[in-house]
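First comes the structure, then the notes that go with it.
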Amino acid sequence: MLEVSSLCAGYDSKDVVLGVSVAVGEGEVVAIIGSNGAGKTTFLRAVCGLLPVSGGGVEYEGRSITDMAVHEVARVGISFVPAERHLFPEMSVAENLALGAFPRRPDPSQLSLVFELFPRLEERRRQAAGTMSGGEQQMLAVGRALMSRPRLLILDEPTTGLAPKLATEAYESLAALRTQGMTILVAEQQVPLVLDLADRAYVLENGSIQMEGQAAELRDNPTVQRAYLGVA
Amino acid sequence: MTAVVLDGIVLGLQFGLLGVGLTIVYGMGGVLNLAYGSMAVVTATVVSITMRSGWPAGPAVLLGIVTAAGFGLLLNLTIMKPVYRRRGEDRVLLSLLLTIGVAFIVDGFLVWRYPIEALSLSVGGDPVLILGVPMRTGSLLASAITILAGGALILFFRATTTGKAVRSVIQDEIGARLCGVNPAAVRRLIFTLSGALVGLVAVTQSMTSPVPISAGFEITILALLVTVVGGLGSIRGAFLAGLILGMVNAMSSFYIGAYVTTIILLIAAALTILLRPSGLFGERT
Amino acid sequence: MTTDDINIASGTSGVLRGSGRDRRASYLAAFGAVAVTAFVLALLPIWIGDSRTLMGVAVAGLLFACYAIAFNLIFGSTEQLFLAVGALAGIGAYTSAIASDRLGIPFPLAMMLATGLAMLIGGGFSWIAVRRSLGIIFTGIVTLTFSLAFDNLLLGQRGLTGGETGIVVDAGSDTFLRQQIPPYYVFLGLVIVYLVGYVLLHRSHIGWAFRTLRDDGVAAELAGVDVARYRIYAGAIGGGMLGFAGALWAHVEGFISPSTFTFVHVDVPVVVMLVFGGIGTLMGPVVGSAVFTFLGEILASFSQMRLIVEGALLIALFLLLPHGVVPVLRSGASGLWRRLRPSRS
Chain A
30 MLEVSSLCAG YDSKDVVLGV SVAVGEGEVV AIIGSNGAGK TTFLRAVCGL
80 LPVSGGGVEY EGRSITDMAV HEVARVGISF VPAERHLFPE MSVAENLALG
130 AFPRRPDPSQ LSLVFELFPR LEERRRQAAG TMSGGEQQML AVGRALMSRP
180 RLLILDEPTT GLAPKLATEA YESLAALRTQ GMTILVAEQQ VPLVLDLADR
230 AYVLENGSIQ MEGQAAELRD NPTVQRAYLG VA
Chain B
331 MTAVVLDGIV LGLQFGLLGV GLTIVYGMGG VLNLAYGSMA VVTATVVSIT
381 MRSGWPAGPA VLLGIVTAAG FGLLLNLTIM KPVYRRRGED RVLLSLLLTI
431 GVAFIVDGFL VWRYPIEALS LSVGGDPVLI LGVPMRTGSL LASAITILAG
481 GALILFFRAT TTGKAVRSVI QDEIGARLCG VNPAAVRRLI FTLSGALVGL
531 VAVTQSMTSP VPISAGFEIT ILALLVTVVG GLGSIRGAFL AGLILGMVNA
581 MSSFYIGAYV TTIILLIAAA LTILLRPSGL FGERT
Chain C
4 MTTDDINIAS GTSGVLRGSG RDRRASYLAA FGAVAVTAFV LALLPIWIGD
54 SRTLMGVAVA GLLFACYAIA FNLIFGSTEQ LFLAVGALAG IGAYTSAIAS
104 DRLGIPFPLA MMLATGLAML IGGGFSWIAV RRSLGIIFTG IVTLTFSLAF
154 DNLLLGQRGL TGGETGIVVD AGSDTFLRQQ IPPYYVFLGL VIVYLVGYVL
204 LHRSHIGWAF RTLRDDGVAA ELAGVDVARY RIYAGAIGGG MLGFAGALWA
254 HVEGFISPST FTFVHVDVPV VVMLVFGGIG TLMGPVVGSA VFTFLGEILA
304 SFSQMRLIVE GALLIALFLL LPHGVVPVLR SGASGLWRRL RPSRS
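Chains as they are written, first to last, in this note's numbering: chain A, 30 to 261; chain B, 331 to 615; chain C, 4 to 348.
Right under this line is the structure:
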């Protein structure tokens with residue numbers, strides 16, 4: 030579904046992502062793991078159009094979206110949930126969700142799906158997003174992303190700032206989404222959580238892919254274990 | 331006393347709407363449009379000239395407002411492009427300087443060609459008694475229109491999809507883009523709306539007192555003061571600040587004098603910047 | 004127009020990094036430029052000395068050059084957007100006029116008083132801006148409100164200031180200041196003094212502080228540079244320069260009115276002149292004011308066009324030529340110099 034080929038991107042004319050290729054098939058959950066500063070966030074932002082691409086290309090369902098602006102990418106069926114979430118702090122949960130569906134009006138059935146997934150959001154539907162806790166904001170960010178009925182959900186470090194229990198809950202929600210047929214691409218620092226969920230994974234360090242394969246294989250890989258799983 | 335208060339409300343409503351037009355443009359992208367007052371006098375000129383050549387008031391006013399809206403759109407499509415390429419303080423500074431340039435060109439041209447022109451719309455009918463004070467129908471109509479416009483704006487921003495999209499860009503532009511909102515399109519809309527609003531204010535103001543073509547800079551400064559006191563980017567703030575400053579203006583003019591009144595308004599804005607830069611309702615700067 | 008632009012235009016690279024010889028060379032270049040300009044301008048009355056009008060225009064041009072040099076100091080050197088150039092000059096002018104005519108203070112003393120007041124206010128603006136951490140925009144808005152308030156004050160206080168009609172300044176009317184030619188040389192002298200002062204200031208430790216705080220205010224603070232103090236210096240000195248020039252004008256011209264010192268009449272042209280000439284450069288203010296005074300004369304018959312031209316120039320300059328003319332001339336000149344000099348190994 031998503032083909033990223035030799036992508037290069039960076040800031041101030043200095044590339045941080047140096048020729049990364051990633052593929053995501055329909056219905057798959059693909060993880061990108063790597064330490065801080067590896068380039069995961071830069072990579073995802075470039076794929077979604079938040080950053081300009083300096084080399085390589087991105088294809089989605091056969092068409093090139095390399096030079097698409099992020100608001101156009103959002104309209105072709107890809108929803109991106111960045112680490113900073115970028116919610117609308119003075120708008121209510123309901124309004125945030127409604128905007129997720131832009132330019133269409135929010136679909137009630139999609140809304141109930143989101144509320145089913147995140148019952149706490151329904152409880153707080155009138156609450157201003159800026160006053161919610163980290164965990165609730167994360168739920169809202171994902172919920173908002175779902176309102177446009179995306180076919181591909183991209184998340185950047187969804188567990189940022191979440192306590193372990195909430196992080197696990199977050200991944201349970203993602204698992205539920207996967208069962209419903211959602212294709213997911215997620216960059217994550219909390220490696221055990223994400224490798225449990227993912228089908229395949231890539232290891233990104235210093236701007237390039239060091240390793241890739243089935244998630245189960247990577248979990249058993251001694252290098253991965255030493256570097257990311259805290260196993261001596 | 332009641333008369334002064336009522337005058338203050340009438341004036342305050344005008345000030346409020348005036349401030350809203352300028353503040354939404356700032357809220358959109360940290361841009362100060364100092365050609366704002368020029369848009370108002372463009373409307374005044376258009377309406378005045380067309381009515382002079384026989385047009386009835388309705389179509390003339392419509393044309394005037396549409397012209398101002400178009401002016402706003404034109405500004406956005408031309409001068410604003412290099413402005414939006416900058417960030418933060420540089421962006422505001424450049425927008426300020428370029429729009430002053432536009433204001434000078436437009437004001438200079440209009441004052442040159444129509445030096446004694448002033449828009450004045452007379453609304454017929456006898457004064458109506460409000461709370462024992464005879465109020466001119468012009469003032470009442472102006473206030474009614476302003477309240478309706480304000481209400482329509484509130485409805486637009488709260489209830490319509492586009493309005494929410496506008497607010498989303500103000501609150502978190504990246505978040506808005508992630509939702510599929512095109513900020514450039516929203517900016518075009520807001521600039522156009524800003525022009526229409528200031529044109530409307532020119533028209534309603536002319537129902538209470540003549541609006542001379544030379545008033546461009548004055549209108550811009552007034553809008554700036556209201557916007558600063560209300561909080562740059564805050565619509566609520568602009569309305570409230572407008573009402574307060576309008577009241578202050580009416581009282582001060584009545585009890586003290588014209589020049590001191592202006593000084594008081596200026597001091598109000600300066601004090602706001604010094605003591606509470608975010609204004610009444612503005613975002614934390 | 005970014006703060007980077009200001010740094011580039013003012014040639015941050017250069018003076019302090021050179022060897023002794025380079026430093027002397029740049030002093031030479033600076034004073035040389037001033038001397039040449041002084042010489043050329045001193046000759047001007049040969050051609051226009053007969054015409055009272057033209058001499059008046061020339062003196063006004065020199066006055067604006069003084070304004071521009073002061074604004075260059077405040078905005079170019081320390082990035083403080085004081086939109087109160089006219090107001091500060093007006094404070095100088097009115098204070099001196101009122102003090103000498105109404106209070107009987109001898110006018111040289113009155114001028115000192117006026118200058119002192121303008122210094123206080125200019126420094127005050129900087130102090131407030133620093134205390135309240137006002138950025139460029141808010142400083143601009145606050146100083147603009149001051150300008151407008153001052154204008155309204157002048158218009159409103161008819162008893163003191165003569166209101167819209169202005170006041171005739173008697174003090175100084177029996178001196179050479181009111182003759183046809185001498186005021187020109189007086190103001191030329193002032194311009195020279197201001198230029199020399201500018202050079203000396205920027206070559207001193209104060210100038211070093213200016214450059215550092217422009218480059219990176221935070222780093223400067225960490226390095227021990229008291230940013231606040233230097234900004235206040237710039238505001239006070241610039242304010243004083245404006246006040247003195249305004250006061251001098253009052254006694255030379257013999258008549259002042261609020262419209263002489265408004266934002267539209269002074270601040271906007273000064274900004275245009277300075278940007279055209281080159282913010283942060285030494286000769287930028289002079290070049291800018293010379294060109295604009297000249298242009299103003301040509302367009303004199305189309306006085307309404309003046310606003311339109313200023314507006315168009317503002318836009319064109321900030322979009323196309325934000326560094327101004329002098330850096331362009333300078334690189335052209337240094338390119339030429341490099342080609343003419345025998346190459347060193």
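Ideal Cβ positions, reconstructed from N, Cα and C, are used throughout, including at glycine.
Fair warning: this is a prediction, and the values are worked out from it, not measured in the lab.
Cβ-Cβ separation between residue 153/A and residue 122/A: approximately 5 Å, consistent with a contact (criterion under 8 Å). Distance check between residue 158/C and each of 34/C, 224/C and 261/C places 261/C closest, using alpha-carbon atoms only.
The beta-carbon separation of residue 68/A and residue 236/A, rounded to 5 Å, stays under the 8 Å limit for a contact. Under the DSSP assignment, residue 229/A falls in the beta strand (DSSP E) whose first and last residues are 229-234.
Listed along chain C, the residues sitting closer than 8 Å to residue 592/B by beta-carbon distance are 151, 152 and 155. The criterion of a C-beta distance shorter than 9 Å is satisfied by residue 140/C and residue 362/B. Taken through DSSP and simplified to helix, strand or coil, residue 212/A comes out as strand.
Comparing alpha-carbon positions, the option among 441/B, 413/B, 415/B and 354/B lying closest to residue 368/B turns out to be 441/B. Fully enclosed alpha helix (DSSP H) runs of no fewer than 4 residues occupy 271-280, 287-301 and 306-323 of the stretch 245-329 of chain C, in order along the chain. Counted as a single uninterrupted DSSP element, the beta strand (DSSP E) harbouring residue 85/A occupies residues 82-89. Taking the Cα of residue 86/C as reference, the smallest distance to any Cα among 295/C, 250/C and 265/C is reached at 265/C. Among the residues facing chain A, residue 513/B is included, as its CB has a counterpart in that chain under 9 Å away. The DSSP assignment places complete beta strand (DSSP E) segments of no fewer than 3 residues inside the stretch 459-518 of chain B at 463-465, in order along the chain.
Residue environment: residue 494/B is assigned as buried (16 or more neighbouring CB atoms within 10 Å of its CB, all protein chains considered). Checking the DSSP bridge columns, you'll see residue 40/A partnered with 43/A. Each of 60/C, 246/C and 69/C was checked against the Cα of residue 200/C, and the nearest Cα belongs to 69/C. Chain order gives no chain C residues near residue 371/B, where near means a beta carbon separation below 8 Å; the closest approach is about 13 Å. Sequence-distant partners of residue 406/B (beyond 5 residues in either direction) whose C-beta falls short of 7 Å from its own C-beta, in its chain, are 517, 518 and 521. Residue 222/A and residue 504/B have their alpha carbons spaced roughly 28 Å apart. Residue burial annotation: residue 179/A is buried, with at least 16 other C-beta atoms found within 10 angstroms of its C-beta. Residue range 55-74 is occupied by the alpha helix (DSSP H) that includes residue 60/C. With contacts defined as CB atoms closer than 9 Å, residue 91/A and residue 35/A fail to qualify as a contacting pair. Contacts with chain C at 9 Å (Cβ-Cβ) do not include residue 556/B. Burial is judged here by how many other beta carbons sit within 10 angstroms of a residue's own beta carbon; residue 579/B has at least 16 and is buried. Using a Cβ-Cβ distance cut-off of 8 Å, the stretch 410-420 of chain B and the stretch 283-296 of chain C are not in contact, since fewer than three pairs of beta carbons, one from each stretch, lie closer than that value.
Residue 242/A is bridged by DSSP to 230/A. What residue 119/A touches in chain B, judged by beta-carbon distance under 7 Å, is 501, going in chain order.
From the listed residues 143/C, 231/C and 110/C, the smallest Cα separation to residue 133/C is found for 231/C. Taken through DSSP and simplified to helix, strand or coil, residue 333/C comes out as helix. Counting along the chain, residue 345/B sits inside the alpha helix (DSSP H) bounded by residues 332-359. Counting the other CB atoms within 10 Å of its CB gives residue 40/A a total below 16, which places it among the exposed residues.
In terms of Cα proximity to residue 299/C, the closest of 337/C, 67/C and 154/C is 67/C.
Our two residues, residue 99/A and residue 515/B, have alpha carbons roughly 14 Å apart in a direct line. For residue 371/B, the uninterrupted alpha helix (DSSP H) run begins and ends at 366-382, by DSSP. Using a CB distance cut-off of 9 Å, residue 224/C does not count as an interface residue toward chain B. Proximity of residue 431/B to chain C, defined by a Cβ-Cβ separation below 9 Å, is satisfied.
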